[in-house]
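**Q** Would you mind keeping the following structure in view while I ask a few things?
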Amino acid sequence: MTTHSNQSNKHAIVIGGSIAGMLTARVLSNHFDRVTVIERDALNDGPEARKGQPQARHLHALLAGGLQTMTRYFPDLIHEFQRHGEAQGDLGEHIRWHIGSGYRQTVRTGLWSAIISRPFLEWQIRRRVEALRNVEVRSGGNVESLLADETRQRVTGVQVMWRKDGQREAMNADLVIDTSGRGSHTPKWLAALGYDAAPEGVVTCKITYATCLFSRQPNDPLGDKYVMVTPPASDTLKRAGAFPLEGDRWQVTLVGVHGEPMPIDGDAFMAFAKSLPTLDVYNIVANNEPLTDIMHHKFPSNLRRFYEKLTRFPTGYLVLGDAVCSFNPIFGQGMTSAAMQAHALDELLHEMGVERLDGLARRYFRSVAKVVDIPWKTAAREDFRYKDTTGDKQLGTDLLNAYSSALHRATVNDAVVCEAFMRVVNMVDSPAILFRPQILWRVLRSELHRKLRGRSQRSVETSQFTVDQPADTVR
Ligand SMILES: Cc1cc2nc3c(=O)[nH]c(=O)nc-3n(C[C@H](O)[C@H](O)[C@H](O)COP(=O)(O)OP(=O)(O)OC[C@H]3O[C@@H](n4cnc5c(N)ncnc54)[C@H](O)[C@@H]3O)c2cc1C
169 MTTHSNQSNK HAIVIGGSIA GMLTARVLSN HFDRVTVIER DALNDGPEAR KGQPQARHLH
229 ALLAGGLQTM TRYFPDLIHE FQRHGEAQGD LGEHIRWHIG SGYRQTVRTG LWSAIISRPF
289 LEWQIRRRVE ALRNVEVRSG GNVESLLADE TRQRVTGVQV MWRKDGQREA MNADLVIDTS
349 GRGSHTPKWL AALGYDAAPE GVVTCKITYA TCLFSRQPND PLGDKYVMVT PPASDTLKRA
409 GAFPLEGDRW QVTLVGVHGE PMPIDGDAFM AFAKSLPTLD VYNIVANNEP LTDIMHHKFP
469 SNLRRFYEKL TRFPTGYLVL GDAVCSFNPI FGQGMTSAAM QAHALDELLH EMGVERLDGL
529 ARRYFRSVAK VVDIPWKTAA REDFRYKDTT GDKQLGTDLL NAYSSALHRA TVNDAVVCEA
589 FMRVVNMVDS PAILFRPQIL WRVLRSELHR KLRGRSQRSV ETSQFTVDQP ADTVR
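Numbering-wise (the numbering used here), the sequence shown opens with residue 169 and increments by one.
Encoded structure:
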């Protein structure tokens, strides 16, 4: 992965220095002579949650598909995690995941995960990018607009305002990539050049995260398990997760959907944790010291910009990461999707070279649409389980959700179904595998058993009432 194809004395600029920006810079370093990343925030050499990525304070799972893609570009990443004492292991074995009706099966999947905080991950990636000989990361620069040639058909650079002295600088580049996140100004910048805005898809979820870090004892009964609690949407608007982090800490995030009131003090935090269908999270909260205040983050909707649908787009300009698609965070797909988009770009540049960038945008946005389609559809479909969700509801959503509910229930009893589910949820395999006859049959069988169990339980209860219990005690 470190081959430098077609070194070309060319310059690329990346707007935004978060996860997507750093992965993009790494990929571009394979193809361009010089790559400059421009980040608005000041960057320090250490793990940090900055103003520009406030979500970094909250629970972040790096899915196996994301870790696999990232380690193609940073093969020593996992060793670095090990050096810092972070745990890794088979995701299927490391997760303790309660779904309301019970815990999913523990399964060996061969899918690896790294148990680390989001700021630590971003810092480790950034350090590696900064060490590349042809990449420069410049912080404290706000990209204000795009530069274009007189025909306005080619983007030729960016205008940056440097925060330390307020100076403005015009920087030229052969390729500019916007990785400035969900709040990307690309629609506005393109409009200024006379281009249409990309059509947008919005599916609401109105999520609020409430996160607190806690101490973690070496002998914690949960060990280094990821704890997830995701009861059915029909039961409650509450969810939670707790991950063991570097530095002997638990990161506990409580999640409320569609306006569920969120805790603002310790007592309410504990009460929320206690109200979940398992006490795993409550036990962490009750038995460890809080290390921070409770931090909140509101997230209104899944948002996708369909750049692949535009008929006109300037040469020399692309968009990547959350700036293209930002998903309900509960599904943990954002960083993996960004990594896969960057990889798709790498493949295209290997194929097309960088001498002529005409036609790149069209092919790139088609590739990105393929990467984003599945996580987008998954998140949007799942969010339509809530009656208050609004947006473009695809045909067949309720049917698919009914099957997926049955599949979730089957993961509690059936290791084969659970393994298939884990591979899909980690973006390693396509959801199509969940419809293979072997899985379909197992899901149906599990439902049948559940119904029969329910019926025989009811008849036991009925016979107890009629035979063992005197009539007045039954009342
Ligand atoms: C609460 C929450 C929880 C999440 N949990 C997960 C999870 O568990 N797993 C997962 O994979 N993903 C998760 N995500 C998504 C994940 O955080 C993002 O997908 C990931 O950070 C990649 O985003 P990005 O780099 O595209 O944008 P961002 O992380 O938003 O970064 C954009 C960067 O661009 C900079 N910038 C913005 N404008 C300019 C400008 N004009 N000039 C220069 N710089 C600029 C910003 O300062 C920032 O550094 C979560 C998101 C949220 C909100």
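Note that CB positions come from ideal geometry on N, CA and C, so glycine has one too. Since the structure is predicted, the reported quantities are computational estimates derived from the model, not experimental observations.
Which first and last residues belong to the alpha helix (DSSP H) in which residue 508 is found?
**A** 502 to 520
**Q** Leaving aside the five residues before and after residue 574 along the sequence, list all residues of the same chain whose C-beta is less than 6 Å from its C-beta, in chain order.
**A** If the five residues before and after residue 574 are omitted, its C-beta is found closer than 6 Å to the C-beta atoms of 611, 615, all from its own chain and listed in chain order.
**Q** Could you check which residue in 390, 420, 384, 301 has the C-alpha nearest to that of residue 441?
**A** 420
**Q** Would you report the Cα separation of residue 576 and residue 541, rounded to the nearest angstrom?
**A** 22 Å
**Q** Any contact of the segment 432 to 447 with the segment 469 to 487, i.e. 3+ C-beta pairs under 8 Å?
**A** no
**Q** Among 571, 479, 590, which residue has its Cα nearest to the Cα of residue 281?
**A** 590
**Q** Give the C-beta separation of residue 588 and residue 608 to the nearest angstrom, bearing in mind that I take them to be a contact with Cβ-Cβ under 8 Å.
**A** Not quite, the Cβ-Cβ distance comes to about 11 Å (not below 8 Å), so this is no contact.
**Q** Could you check the C-alpha separation between residue 548 and residue 493 for me, to the nearest Å?
**A** 12 Å
**Q** My understanding is that residue 279 touches residue 501, with C-beta atoms under 8 Å, so please give their C-beta distance in whole angstroms.
**A** Actually they do not touch by this definition, with Cβ atoms about 15 Å apart.
**Q** What do you get for residue 317, buried or exposed, if any count of 16 or more other CB atoms within 10 angstroms of its CB means buried?
**A** exposed
**Q** Is residue 311 near ligand 1, in the sense that its beta carbon is under 7 Å from a heavy atom of that ligand?
**A** yes
**Q** Determine contact between the segment 469 to 480 and the segment 381 to 389, defined as no fewer than three beta-carbon pairs at a distance below 8 Å.
**A** no
**Q** Can you list, in chain order, the residues of its chain with a C-beta nearer than 7 Å to that of residue 634? Leave out the 5 residues immediately preceding and following it.
**A** Confidence is the limiting factor: at residue 634 the pLDDT is only 34, short of 50, which leaves the residue's position unreliable and the question unanswerable from this model.
**Q** Could you pull out every residue in the same chain whose Cβ sits closer than 6 Å to the Cβ of residue 131, ignoring the five residues on either side in sequence?
**A** Residue coverage of the chain in this structure runs from 169 to 643, which leaves residue 131 outside it and unanswerable.
**Q** Output yes or no for whether 8 Å exceeds the beta carbon distance between residue 428 and residue 288.
**A** no
**Q** At a cut of 8 Å, does the segment 520 to 537 reach the segment 211 to 226 through at least three beta carbon pairs?
**A** In short, these stretches do not touch, since the Cβ pair count stays below three.
**Q** Please report the distance separating the alpha-carbon of residue 563 from that of residue 570.
**A** 13 Å
**Q** Is residue 172 helix, strand or coil by DSSP?
**A** With a pLDDT of 45 at residue 172, under the threshold of 50, the modelled position of that residue is not reliable, and no figure is offered here.
**Q** Would you mind working out which of 366, 234, 417, 349 sits nearest residue 285, comparing C-alpha positions?
**A** With distances taken between Cα atoms, residue 285 lies closest to 417.
**Q** Closest to residue 377 by C-alpha separation, out of 410, 393, 390, would be which residue?
**A** 410
**Q** On the three-state DSSP scale, how would you describe residue 246?
**A** helix
**Q** As a quick exercise: from 331, 465, 579, 339, pick the residue whose alpha carbon is nearest that of residue 203.
**A** 339
**Q** Which whole-angstrom value describes the C-beta separation of residue 344 and residue 381, a residue pair presumed to lie in contact below a C-beta threshold of 8 Å?
**A** Actually they are not in contact, since the Cβ atoms of residue 344 and residue 381 sit about 37 Å apart, beyond 8 Å.
**Q** Do you know offhand how far residue 179's Cα is from residue 247's?
**A** 32 Å
**Q** Return the bridge partner residues of residue 339 from the DSSP annotation.
**A** 326
**Q** Can we count residue 520 as close to ligand 2, meaning its CB is less than 7 Å from some heavy atom?
**A** Ligand 2 is not part of this structure, which contains only ligand 1.
**Q** In whole angstroms, what is the alpha-carbon distance linking residue 390 and residue 311?
**A** Cα to Cα, residue 390 sits roughly 45 Å from residue 311.
**Q** Following a CB-centred definition, is residue 248 positioned closer than 7 Å to any heavy atom of ligand 1?
**A** no
**Q** Any heavy atom of ligand 1 inside 7 Å of the beta-carbon of residue 467?
**A** Inclusion of residue 467 in the 7 Å shell around ligand 1 follows from its C-beta lying nearer than that to a non-hydrogen atom of the ligand.
**Q** Just mark residue 293 as buried or exposed, buried being the case when its beta carbon has 16 or more other beta carbons within 10 Å.
**A** Result: buried.
**Q** So, helix, strand or coil for residue 317, using DSSP?
**A** Residue 317 falls in the coil class under three-state DSSP.
**Q** In the segment 539 to 603, which residue ranges form an unbroken alpha helix (DSSP H) of at least 4 residues, counting only runs that do not cross its ends?
**A** The qualifying runs are 565 to 578, 583 to 593.
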